[in-house]
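Enquirer: Here my numbering is used: the first residue of the sequence shown is 738, the next is one more, and so on.
Just so you know, even glycine gets a beta-carbon here, dropped at the ideal spot from N, CA and C.
I have a structure here, written as structure tokens, and I will follow up with some questions on it.
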Amino acid sequence: MSAENSSKKGSLEVICGPMFSGKSEELIRRLRRAQIAKQNVLTCKHSLDNRYMIECIISHDGKKLEAEAIGDVHDIFRLGKDSKIEVIGIDEVQWFDATIVSIISQLIEMGKRLIVAGYELDFRGRPVGQMPVLLSIADKVTKLQAICTLCGKDATLTQRLVNDKPAKFNDPDIVVGGSEQYQARCRNCHHVEYEVEKDRYTFKEFKLKQI
């Protein structure tokens with residue numbers, strides 16, 4: 738192998754969108770295509786995602802692909818740096834800590850093709866974790882939309898429900914769940930409950946309104 742080929746860098750593809758937009762399904766599709774092309778694929782998911790089977794990525798429509806359940810982000814690098822691995826898929830990437838950006842960047846430098854999926858906005862409509870950074874450095878971004886469960890229009894936001902009512906602004910950032918706790922909503926139908934003045938202030942500040 739020539740020096741030019743041995744130093745060839747990889748790439749990053751980010752698949753994002755609200756819940757029920759088909760992110761995991763699209764990730765599975767791309768990874769299966771890589772497998773059909775006889776490429777060596779490593780599939781990872783965050784260990785927090787225990788909604789269906791811990792050892793698989795499973796889309797809401799039932800498609801599945803065997804995966805490594807990862808709690809420590811450094812394990813992605815440990816497994817992915819293997820010279821035989823060509824493609825690395827990561828589902829629920831938004832749940833990993835800030836180190837994920839460095840890990841992904843290093844693997845790209847090693848020539849790996851990274852395909853990651855996750856939601857970029859939380860139930861409040863705010864950017865999640867390291868997703869803004871990953872979207873910025875990505876070579877390719879696929880932003881999916883769902884269907885609003887209330888009006889049927891394109892949905893770009895995720896509605897969290899608690900006892901069938903909109904979650905409150907101060908509720909926990911991460912609550913693992915499915916259709917019993919979450920819905921896809923358009924902007925007009927999306928709603929968050931505010932309890933205290935500082936919540937409204939924070940939301941205004943994020944939305945770049947007058948403060």
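Does DSSP classify K782 as helix, strand or coil?
Expert: As a working mapping, residue 782 is identified with position 45 in the sequence shown. K782: strand per DSSP, three-state reduction.
Enquirer: Buried or exposed: V899, going by 16 or more other Cβ atoms within 10 Å of its Cβ?
Expert: Along the sequence shown, read from residue 1 onward, the residue named residue 899 stands at position 162. Flag for V899 reads exposed.
Enquirer: Indicate the three-state DSSP secondary structure (helix, strand or coil) for T879 in the structure shown.
Expert: By one-based count along the sequence shown, residue 879 stands at place 142. Residue state, collapsed to three classes: strand.
Enquirer: If you reduce the DSSP assignment to three classes, tell me which class K949 lands in.
Expert: Residue 949 falls outside the range modelled here, since the chain spans only 738 to 948, and no answer is possible.
Enquirer: Helix, strand or coil, according to DSSP, for Q867 in the structure here?
Expert: Within the sequence shown, numbered from 1, the residue matching residue 867 stands at position 130. DSSP places Q867 in coil when its eight states are reduced to three.
Enquirer: In chain order, what residues of the same chain lie with their CB nearer than 6 Å to the CB of C767, ignoring the 5 residues before and after it?
Expert: As a working note, residue 767 is residue 30 in the sequence shown. It should be pointed out that residue 767 corresponds to Arg in this sequence rather than to Cys. Result list for R767: I852, in chain order.
Enquirer: Can you tell me which residues form a DSSP beta bridge with K746?
Expert: Reading the sequence shown from its first residue, position 9 is the one you call residue 746. DSSP output for K746 lists no bridge partner at all.
Enquirer: Using the rule of at least 16 other Cβ atoms within 10 Å of the residue's Cβ for burial, across every protein chain shown, is P755 buried or exposed?
Expert: Here the question's residue 755 lines up with position 18 in the sequence shown. Label assigned to P755: buried.
Enquirer: What are the partner residues of G759, as DSSP defines its beta bridges?
Expert: Here residue 759 refers to the residue found at position 22 of the sequence shown. G759 is not bridged to any residue.
Enquirer: Based on DSSP bridge pairs, tell me the residues matched to T893.
Expert: In the sequence shown, counting from the first residue as 1, residue 893 sits at position 156. Paired residues: none, contrary to the question.
Enquirer: Near C926, what residues of its chain come up, given a Cβ to Cβ distance below 6 Å and the 5 sequence neighbours on each side ignored?
Expert: Numbered from its first residue, the sequence shown carries residue 926 at position 189. Around C926: C885, L887, C888.
Enquirer: Quick check: the Cα distance between S739 and K745, rounded to an integer number of angstroms?
Expert: Your numbering for residue 739 matches position 2 in the sequence shown. Your numbering for residue 745 matches position 8 in the sequence shown. Unreliable positioning characterises S739 in this predicted model, as indicated by a pLDDT of 40, which lies under 50. A coordinate reading is not provided.
Enquirer: By how many angstroms is the C-alpha of A904 removed from the C-alpha of I794?
Expert: In the sequence shown, residue 794 corresponds to position 57, counting from 1. In the sequence shown, residue 904 corresponds to position 167, counting from 1. Cα-Cα distance, rounded: 27 Å.
Enquirer: Does DSSP classify I726 as helix, strand or coil?
Expert: As shown, the chain starts at 738 and ends at 948. That puts residue 726 outside it, with no answer to give.
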